[in-house]
Amino acid sequence: MKERALPEKILVAPAWPYASGPRHIGHVAGFAVPADVFARYHRLKGDEVLMVSGTDEHGTPVMVSADRNGVSPRELADRNNAVIRDDLRNLGISYDCFTRTTTRNHHLVTQDIFRTLHEKGYLVERSALGAFSPATGRTLPDRYIEGTCPICGFDGARGDQCDNCGNQLDPVDLIDPRSIIDGSTPEFRETTHLFLDLPAFAGRLEEWISAQDTWRPNVRNFSLGLVRELKPRAMTRDIDWGVVVPVDGYPADTKRIYVWFDAVIGYLSASIEWAHNVGRPDAWREWWQNPDARHFYFMGKDNIVFHTVIWPAMLLGYGSGGAFGAGRGDLHLPTNVVASEYVTMEGKKASTSRNVAIWVNDFLSRYDPDPLRYYLTAAGPETQDSDFTWEEFVRRNNDELLANWGNLVNRTLVNAYRNFGEVPKPSHLSDADSGVIAGVAGAFEEVGALIDEGRFRAAIAAAMRASTLANQYVAEQAPWALVKTDRERAATVLYVALRCVDSLKTLFAPFLPFTSQAVHEMLGNDGWLAGPLEYRVVGEEGEPAHEVLTGDYASWVGAWAPSELAPGQKLQEPRPLFRKLPPETVGEELERLGIS
RNA sequence: GGCGCCGUAGCUCAGCUGGUUAGAGCGCUGCACUCAUAAUGCAGAGGUCGGUGGUUCGAGCCCACCCGGCGCUACCA
């Protein structure tokens, strides 16, 4: 065993789900589930974890979606914040503070960073040709423009790229350009924006990224490619929904801060909000202005550039300056940026518009959260795209989760409950007894190390192997037969088996918090192994109150260590952990998706 | 077009810096068991690692080219 390290300060930073609509299971596979596994493991290990995030509510897509729904952007954001927050709570994603980007606090922090970067000369004014919708006067991002490709003549070319010939385009060059929102012809005008001077950070970024040997290779290589050709990037937009630009000449009714600029700041602002909410306003500095802290970001691969280039550039540029930094130390750069690939749905790329998606809330209305968490971890898009199929989901649920771990819990508890009603008292332990106890105990280090490396598939597989060890032991010892012939030996065997189950429940707790809690209770233990989440209404004067998703994780009784189950503890009547899904499930769900 | 990834048993995937008979889970076959949501355990069949050509004493792991699948290409989020 390694020497027990001192508790570490760990920031877990899952990407902020965008509030244009509900999220599908591919989204949560990228940011939420891996981040939560990581956070729960470190809390059980005794580290001081701060996991913050929220809904990302600014930007054009929210405005477009709001228009289509006939509501204001704020109303749409309110609605989707509530939907997404419920999804995450129901999935058991253990945020310390899941907030939103429309809070007053977030705007203040964003403006402080923006102002500081501007004062330091990292935000420079430039003019560029921009597309506007004549109907609304709003900016029209390249992707919202389509027309005929000037190269191949394809009619459905988008403003940034032609899907037919693959060439990159400039919307100005499109023949017969039109807005995909309302079909109107965009106007192109000169417009002035503040650009983040990314080339100024190129050297430092390249050096920093090169040194990151713990990053997944695709993240590191991709990022190195990016920093070699950096250009200044506009950080303001011609819209009226977003954080107000704290610079003269950028009036709030026409210019706002670019949504990605404020979204990445969310990690910092939500930490500050959390500190405020718990009544220790400076506590966030222990994570952000402490070089010994470690910061882990989780997201889908499409977010890499913002987390390995733009956000680090902003952090480097801000340094320890500005009102919030207050000269008390440089803001911490990411320790690791754990990017997932994509989840496809039955072989097709998830698409909101074509409704090729399995929405989290819809999924959870028919199935339990732990089997989904299991699937997204065991078959997740860790190193390459992975396909979600209902057939595979049913199989993983029935033939792996239920058959191996669920059945072990059930057979062990049923035997013990019926014959003893409590945790039986062991007598002499045989070699087989100590062997299985040691085998399961050994999994703690293995599973923990794999989680720490971000190898979640391997980690949950290792936990399953430990469960197999216990199944082998139970099969060999056959306590159901011993009960009739040698009650004392039966008591010992069942004690050993229960103790293994008690350990395994902890090994599975980061992945399967709900069922681990159920096992914890059935074994007669008290308290929260890895407790529940809750909503809390917060808000400062001068702003509408909002609800944050949080939890009282300090009260957890679980610890990342083998069980020392107390004999004599009263058992609860066992009930199955997982529902067996009938084969018809597959057909029903495919029909629901419109595939047959 | 540029950059990058992938192609290993029926399926889903591991194989870290090249080194003895290529691994796991599921599926399949047989046996055992019957406490358990017919769930478990044991044994076994089944790949020469997309193709070709190289480097090397030795390559799934390095190099070149080819075939097939995919992603990214940042002023969409």
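Under the working numbering, the first residue of the first sequence is numbered 40, with each subsequent residue one higher.
The beta-carbon is built from N, C-alpha and C at its ideal position, and this holds for glycine as well.
DSSP places GLU627 inside the alpha helix (DSSP H), whose first and last residues are 623 to 632. Just so you know, the alpha carbons of PRO180 and THR99 end up roughly 8 Å apart. A Cβ-Cβ separation of about 21 Å leaves PHE335 out of contact with VAL382 under the 8 Å criterion.
Bounds of the alpha helix (DSSP H) holding TYR456 are 446 to 458. Assigned with DSSP and collapsed to three states, THR230 falls in strand. In this structure, VAL51 lies away from VAL103, with their beta-carbon atoms at least 7 Å apart. Judged by their CB atoms, ARG295 and GLY281 are nearer to each other than the 7 Å cut-off. Taking every protein chain shown into account, the CB of LEU551 has 16 or more other CB atoms within 10 angstroms, so this residue is buried. Rounded to whole angstroms, the separation of the alpha carbons of ALA365 and SER223 is 48 Å. Between PHE483 and LEU546, the beta carbon gap of about 7 Å places them in contact (Cβ cut-off 8 Å).
Of the candidates VAL101, ALA250, THR416, ASN446, ASN446 places its Cα closest to the Cα of LEU543.
Between GLY93 and PHE137, the C-beta spacing is below 7 Å. Residue state for PRO408 is assigned as helix, using DSSP reduced to three classes. In the same chain as ALA557, and ignoring 5 residues on each side of it, the C-beta atoms closer than 7 Å to its own belong to LEU616, in chain order.
The continuous stretches of alpha helix (DSSP H) do not include PRO216, which lies in the beta strand (DSSP E) extending over residues 214 to 218. For THR155, the enclosing alpha helix (DSSP H) begins and ends at 143 to 158. Between GLY288 and the set THR230, GLU630, SER555, the nearest pair of CA atoms involves THR230. Contact check for PRO56 against ILE132 fails: the beta carbons are separated by 7 Å or more. Shown here for THR149: same chain residues with a beta carbon closer than 6 Å to its own, the five before and five after excluded, namely VAL282, ASP301, ILE304 in chain order. When the Cα atoms are used, ALA291 and GLY356 turn out to be separated by approximately 24 Å.
With 16 or more other Cβ atoms from the protein chains shown falling within 10 Å of its own Cβ, ILE278 counts as buried. Membership of GLU586 in the beta strand (DSSP E) is indicated by the continuous run 585 to 590. Closest in C-alpha terms to ILE343, from the list ARG255, ASP95, VAL448, comes ARG255.
For ALA239, the CB contacts under 7 Å within the same chain, skipping 5 residues up- and downstream, are TYR161 in chain order. Close CB contacts of ASP215 within its chain, under the 6 Å cut and outside five residues either way in sequence, are with GLY186, THR187 (chain order). Apart from the 5 residues on each side of it in sequence, ASP591 sits with its Cβ closer than 7 Å to the Cβ of GLY570 in its chain, given in chain order.
Looking only at LEU237, LYS270, ARG107, ALA273, the smallest Cα-Cα distance to ILE219 is reached by ARG107.
A straight line joining the alpha-carbon of LEU411 with that of ARG118 spans about 24 Å. A check of alpha carbon separations from GLU385 across TRP429, VAL67, ALA352, GLY361 identifies TRP429 as the nearest. Counting every other CB atom within 10 Å of its CB across the protein chains shown gives PHE227 a total below 16, marking it as exposed. When secondary structure is reduced to three states using DSSP, CYS539 falls in the helix class. DSSP places HIS371 outside both helix and strand once states are collapsed to three, so it counts as coil. In the displayed model, LEU620 falls within coil according to three-state DSSP, outside both helix and strand. For ARG434, the enclosing alpha helix (DSSP H) covers residues 429 to 434. Its chain contains GLY69, SER379 as the residues whose beta carbon lies nearer than 6 Å to that of GLY339, once the 5 sequence neighbours on both sides are disregarded; these appear in chain order. Apart from sequence neighbours up to five positions away, the residues of its chain that approach VAL376 with a beta-carbon distance below 6 Å are VAL258, TYR336, HIS346, THR347, ordered along the chain.
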